[in-house]
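A quick write-up on the structure given underneath.
Number of protein chains: 2
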Amino acid sequence: MSVRGSKTGRPVMRVLDVLGRRWSLRVLWELRDGPLTFRGLRDACDDVSPSSLNQRLTDLRALGVVEAGEDGYALTSAGRELAKLLLGLSRWAEAHVR
Amino acid sequence: MSVRGSKTGRPVMRVLDVLGRRWSLRVLWELRDGPLTFRGLRDACDDVSPSSLNQRLTDLRALGVVEAGEDGYALTSAGRELAKLLLGLSRWAEAHVR
DNA sequence: CGCGTTCGCTACACATTCCGTAGCAAAGGA
DNA sequence: TCCTTTGCTACGGAATGTGTAGCGAACGCG
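Line order of the protein sequences matches chains A and B. Going by our numbering, the first residue of the first sequence is number 1, and it counts up by one from there. Going by our numbering, the first residue of the second sequence is number 101, and it counts up by one from there.
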C-alpha cells in the first residue's frame with residue numbers, strides 16, 4: 001500500500017496523512033502519560049470500536065510512534081516527542097477555542 | 101450538530117476531532133505561507149474533491165482558524181499560531197519518518 | 001485442576017464519510 | 001458578445017468507520 005494523499009512521499013505528507021485519520025491524534029493524546037492496554041485505550045477514547053482502534057494502532061506502529069510492550073501500548077521515544085507537540089496543541093486549544 | 105467524539109466538551113477534544121478529519125491538517129499546512137484561493141487549495145492538496153474541501157473549510161472556519169478574505173482563504177491569527185505547531189510537526193517528520 | 005473473568009483482537013453487516021464527475025451562476029477579459 | 005475562470009453544489013458510488021458478537025489465550029481463585 002502506498003501513502004494516501006500526496007504522492008511526493010515527503011515525510012511531512014505521510015505524517016499529515018496518518019494523523020488525519022479518525023482517532024490517531026486522540027490515541028496519541030491518551031498515551032501521553034504512559035502505556036495503556038487495548039481495553040484501556042478503548043475506554044479512554046469514548047469506546048471507539050475495536051476494529052477502528054486496531055486499524056489506527058497498526059497505522060501508528062507503522063509510523064513508529066507507538067509500540068506494543070509488556071503493559072499494553074506505549075509511545076516510542078519518537079512518539080513521545082510527537083506528544084509534546086500535542087501538548088502545545090492543548091495549550092493552543094485552551095487559549096483559542098470557545 | 102455537536103462535537104464528534106468526546107462528550108466532555110473540552111477544547112482540546114474539539115480540536116483533536118476537527119483536525120482528525122481528512123485534509124484538515126493538510127489545508128492548514130498549505131495555507132502556512134499565505135492565502136490561497138479555493139482552486140489554489142485544491143491544486144495544492146492533490147486535487148482534493150471540492151465537496152470534501154468545502155466541508156473541511158467550513159469546519160476550520162467554525163473552529164476559527166481559517167477565514168475567507170479578499171484573496172481567498174487565509175489563516176486567522178489563531179490559525180497562524182496553530183500552523184507554527186505544524187512546523188514543529190514537519191521538523192519531527194524529517195527527523196523520524198523514513 | 002475447574003470455573004469465571006479479562007485480555008487482545010477478529011468478523012461482519014450497517015452507517016457515515018469521502019470521492020469523482022458534472023455542472024451551475026457570477027465575475028472577468030478580449 | 002463569447003470564452004475562461006471563479007467558488008461552490010449535487011449526486012451516486014467507493015472507501016472508511018461503527019456496533020455487536022464472539023473467539024482463543026491468559027489470568028485469578030478455590
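A virtual CB, placed ideally from N, CA and C, is assigned to each residue, including glycine.
Within a Cβ cutoff of 7 Å, which residues of the same chain sit near L36 of chain A, ignoring the five residues on either side of it in sequence? So the qualifying residues of the chain are E30, A44, G72 and Y73.
Extent of the continuous beta strand (DSSP E) to which E167 of chain B belongs | Residue range V166 to G169 is occupied by the beta strand (DSSP E) that includes E167 of chain B.
* Taking Cβ-Cβ distances shorter than 7 Å, what residues in chain A pair up with R161 of chain B? -> Neighbours of R161 of chain B on chain A: none; closest Cβ ~13 Å, over 7 Å.
### Task
Starting from the C-beta of R126 of chain B, find all residues in its chain whose C-beta is less than 7 Å away, skip the five residues before and the five after it, and write them out in chain order.
For R126 of chain B, where only same-chain residues beyond five positions count, the Cβ hits under 7 Å are C145.
Same chain, Cβ closer than 8 Å to L163 of chain B, neighbours up to 5 away in sequence not counted
Setting aside the 5 residues that flank it on each side, L163 of chain B is surrounded in the same chain by R114, V115 and V118, each with a C-beta closer than 8 Å to its C-beta; the list follows chain order.
- request: Could you check how far apart the C-beta atoms of G156 of chain B and S124 of chain B are, in whole angstroms? I think they sit under 8 Å.
  value: Inspection of the sequence shows that residue 156 of chain B is occupied by Arg rather than by Gly. Their Cβ separation, rounded to whole angstroms, is 6 Å, which keeps R156 of chain B and S124 of chain B in contact under 8 Å.
Proximal residues to A83 of chain A (C-beta, below 8 Å), its chain only, five neighbours per side dropped:
For A83 of chain A, where only same-chain residues beyond five positions count, the Cβ hits under 8 Å are L28, W29, L31, R32 and L75.
Quiz item: Rounded to a whole number of angstroms, what is the C-alpha to C-alpha distance between L53 of chain A and E70 of chain A?
Solution: So the alpha carbons of these two residues sit roughly 19 Å apart.
May I have the straight-line CA-CA distance separating A68 of chain A from A193 of chain B, to the nearest angstrom? A68 of chain A and A193 of chain B have their alpha carbons spaced roughly 21 Å apart.
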